Every structure is written in structure tokens, then in C-alpha cells.
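> My numbering numbers the first residue of the sequence shown as 20 and each following residue consecutively.
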Amino acid sequence: WRISSPAEPWQYSSLVFYWIFSVAQAGFILPRHWRDTPQGTEVSFWLATDNGPLQVTLAPQESVAFIPADQVPRAQHILQ
20 WRISSPAEPW
30 QYSSLVFYWI
40 FSVAQAGFIL
50 PRHWRDTPQG
60 TEVSFWLATD
70 NGPLQVTLAP
80 QESVAFIPAD
90 QVPRAQHILQ
């Protein structure tokens, strides 16, 4: 995880728990963002914590998608 602090506070939107160096902390999820990288999709969250706002960036993950079963043949044709 990469963690950083912003210069100003944000409004609260929802609660999340996260662990930094094996210490559990609670925070509210603020703006979130994702981007595609050569290694996969990277997701970042801004959190409002008792220790101030923090940014938590998750390691890149492979993206997945779901389609209705009746559209599988068409999707397979398009992807070939």
C-alpha cells in the first residue's frame, strides 16, 4: 500500500477499517479513484481518520467483467 496525507480535510461518506503496519484503524471513505496500469487496475481511497486524512492505494489487480450467458457466443466471437 502507498499512503499519503492531503493538505485539507474532506467530508465523510462511509466507514472503512484498514491496517497499516499491523495496527488497525477506522476511517471514513472519501473520494475514490481507479486507473488502469500495465500491472492491472489500481484503486485508491482517501480516508478520514482520527489521525487526519490518508490515501490508501491497493496493489494492482486483474480486472474482471460479467456478461449474460446468452451473450457468451457473441462475446467470444468479438474477442477472437
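Cβ atoms here follow ideal geometry from the backbone N, Cα and C, with glycine treated the same way.
Computed from a predicted model, the values in this text were never measured in an experiment.
1) Any idea what DSSP makes of P92, helix, strand or coil?
2) From F40 to P87, what distance separates their C-alpha atoms?
3) May I ask you to report which of helix, strand or coil DSSP gives L98?
4) Is DSSP giving P57 helix, strand or coil here?
5) Would the segment 90 to 99 count as touching the segment 69 to 81 if we require 3 or more Cβ pairs under 8 angstroms?
In terms of the structure at hand:
1) Along the sequence shown, read from residue 1 onward, the residue named residue 92 stands at position 73. Correct three-state label for P92: helix.
2) Along the sequence shown, read from residue 1 onward, the residue named residue 40 stands at position 21. Along the sequence shown, read from residue 1 onward, the residue named residue 87 stands at position 68. Since pLDDT at F40 reaches only 48, below the 50 mark, its modelled position is unreliable, and no value is offered.
3) For the purposes of this step, residue 98 is taken as the residue at position 79 of the sequence shown. If DSSP states are grouped into helix, strand and coil, L98 belongs with the helices.
4) In the sequence shown, residue 57 corresponds to position 38, counting from 1. Correct three-state label for P57: coil.
5) no
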